[in-house]
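Novice: First residue of the sequence shown: 491, per this note's numbering; consecutive thereafter.
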Amino acid sequence: MYATYVIWAKHMHKFSRSAEELVGLSLQSVLWVVLFGVGMGGMITQVAGVNYMSFILPGIIALSVLGGAVGGGIILLDERLRGIIKEYLAAPIPRLSILLGNAASTATKALIQAVIILLVGVLMGARLGANPLGWLGALALVALFAIGFSGIALALAAVSRSMMGYHGMIFLFNLPLLFASNALYPLQALPDWMRIIVMLNPVTYLIDAMRALAFGATPSLPLPVSALVNLLFAVLGIWLALASFQRAVRY
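1. Determine whether the Cβ of V649 lies closer than 8 Å to any Cβ atom of chain B.
2. Exposed or buried, A633, counting other C-beta atoms within 10 Å across all chains shown (16 or more means buried)?
3. Would you say M543 and M614 are within 8 Å of each other, going by their C-beta atoms?
4. What are the boundary residues of the alpha helix (DSSP H) that Y675 is part of?
5. Rounded to whole angstroms, what's the CA-CA distance from Y695 to N672? Just pull it up for me.
6. Please say whether A597 and I637 have beta carbons closer to each other than 8 Å?
7. Does the region 496-507 come into contact with the region 585-596, if we say contact requires no fewer than three beta-carbon pairs (one atom in each stretch) closer than 8 Å?
8. How would you write the range of the alpha helix (DSSP H) that F663 sits in, first residue to last?
9. Taking L631 as the reference, which of L525, L703, A493 and F505 has the closest Cα?
10. Would the beta-carbon of F639 fall within 8 Å of that of L556?
11. Would you report the Cα separation of L586 and L665, rounded to the nearest angstrom?
12. Is the Cβ-Cβ distance between L547 and I607 less than 8 Å?
13. Within the continuous alpha helix (DSSP H) that includes R507, where are the two ends?
14. Using the Cα positions of N541 and V513, report the straight-line distance between them to the nearest angstrom.
15. Tell me whether P712 sits in a helix, a strand or coil according to DSSP, three-state version.
Right, here's the structure in full:
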């Protein structure tokens, strides 16, 4: 797994030397916290036992993870189009290491973004739960979800022929995953037909578990189920990425 570490370190080194990447990834989410969260918080006092800022913050973190995963796919696609992937393939390393290194760097960036958004959210009125282990559990689920969705992004990047084509395909997953979830509204407030769609969305399980673990909200779904769904999503995402990548380099 040393090759995975080397690729992870390469991406993180570039990330640490590019302040605009961190600002660009976090700015949209911070604006959601400051503008949407504060504005809606003035009209809605409590949802699921917490204030609206605490309620909406996990959804904003999920949005930032989706954006970060898209960025991880762009890196792989750029390296593929420029022929750098061929250099990786010439080295005596497993192909899975290439994907795991990219996914791990995406998850690391997602955790950095999550901490920044949490700090901004607390300054804007969110109230963290009293159990630090719950905070760590929430961050662990964020990492699993980031790995899962980065796997989907990598799978699409492996078969895309251009940046425009990649963005067109990823758009089909990005915003629909966010809005067809419990990010902005509680499950109990949804009509039955929409609740079925929301329950099929892995984002729903991440957000519900984060609310319970990090902010002490009443969970709508059993926490073990939410944790298992995020774990399975991470495994599925990497499997899809590997299958797509192997097929792309074969032809």
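Backbone N, C-alpha and C fix where the C-beta goes; we use that ideal spot for every residue, glycine too.
Specialist: Taking the coordinates as given:
1. Annotation note: the requested chain B is absent from the structure, which comprises a single protein chain.
2. Counting from one through the sequence shown, the residue named residue 633 turns up at place 143. Under this definition A633 is a buried residue.
3. Here residue 543 refers to the residue found at position 53 when the sequence shown is read from its first residue. Here residue 614 refers to the residue found at position 124 when the sequence shown is read from its first residue. Yes; because the gap between Cβ atoms is below 8 Å, this pair is in contact.
4. Here residue 675 refers to the residue found at position 185 of the sequence shown. Neither: Y675 is in no alpha helix (DSSP H) and is coded neither H nor E.
5. Here residue 695 is taken as the residue at index 205 of the sequence shown, counted from 1. Here residue 672 is taken as the residue at index 182 of the sequence shown, counted from 1. Answer to the nearest angstrom: the Cα atoms are 9 Å apart.
6. In the sequence shown, residue 637 corresponds to position 147, counting from 1. In the sequence shown, residue 597 corresponds to position 107, counting from 1. Going by C-beta atoms, I637 is nearer than 8 Å to A597.
7. yes
8. Within the sequence shown, the letter at position 173 stands for residue 663. Here F663 belongs to no alpha helix (DSSP H), and DSSP marks it neither H nor E.
9. Residue 631 sits at position 141 when you count from the first residue of the sequence shown. For L631, the nearest C-alpha among the options comes from L703.
10. Residue mapping note: residue 639 aligns to position 149 of the sequence shown, counting from 1. Residue mapping note: residue 556 aligns to position 66 of the sequence shown, counting from 1. In this structure, L556 lies closer than 8 Å to F639 by Cβ.
11. Reading the sequence shown from its first residue, position 96 is the one you call residue 586. Reading the sequence shown from its first residue, position 175 is the one you call residue 665. Between L586 and L665, the C-alpha separation is close to 28 Å.
12. In the sequence shown, the residue the question calls residue 547 occupies position 57. In the sequence shown, the residue the question calls residue 607 occupies position 117. The answer is yes: Cβ separation under 8 Å.
13. Along the sequence shown, read from residue 1 onward, the residue named residue 507 stands at position 17. Note, R507: premise wrong, no alpha helix (DSSP H); not H, not E.
14. In the sequence shown, the residue the question calls residue 541 occupies position 51. In the sequence shown, the residue the question calls residue 513 occupies position 23. Looking at the two C-alpha atoms, the distance is approximately 27 Å.
15. To locate residue 712, count along the sequence shown from 1; it is residue 222. Three-state DSSP puts P712 in coil, outside helix and strand.
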